[in-house]
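S.K.: Dropping the structure in here first, questions after.
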Amino acid sequence: MDAKEKEKDSCTNQEEELIVITKNMLPPALKEIGVDSILLDKSAYFSGLLHEDIEKIINAVSALIST
C-alpha cells in the first residue's frame, strides 16, 4: 500500500478509506491490459476483487482505450 486517502461517500455520508493497489499487487488479468494501479475502497481490498469486478474494470479500460 503506497498511499491511503479518506473520502466521504456522498450517499451514506460515511468516511471511506481508499487504498492504492500497485502493479505488483494487481490480478494478472489487469496487468495484461496495462493497468499500473487502481484505487480501491479498503473493504473491497480486504474482501478481494470478485471476478465480475475484474471484468468490469477490463471492459472500462478497453472502452477508454478504444476512444
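Quick note on this note's numbering: the sequence shown kicks off at 7 and runs consecutively. From the three backbone atoms N, C-alpha and C, an ideal C-beta is built for every residue, glycine too. Computed from a predicted structure; not experimentally measured.
1. Which residues does DSSP pair with Ile44 in a beta bridge?
2. Compare the beta carbon distance of Lys48 and Glu21 with 8 Å and say whether it is the shorter of the two.
3. When the distance is taken between beta carbons, is Tyr51 closer than 8 Å to Ile71?
4. Would you mind working out which of Glu58, Ile39, Ser53 and Leu45 sits nearest Val67, comparing C-alpha positions?
5. Would you tell me roughly how many angstroms separate the C-alpha atoms of Leu32 and Glu58, rounded to the nearest one?
M.R.: Taking the coordinates as given:
1. Answer by DSSP bridge pairing, in chain order: Ile27.
2. The Cβ atoms of Lys48 and Glu21 do not sit closer than 8 Å to each other.
3. When the beta-carbon positions are compared, Ile71 and Tyr51 stay at least 8 Å from each other.
4. Of the candidates Glu58, Ile39, Ser53 and Leu45, the one whose C-alpha sits nearest the C-alpha of Val67 is Ile39.
5. Glu58 has its alpha-carbon roughly 15 Å from the corresponding atom of Leu32.
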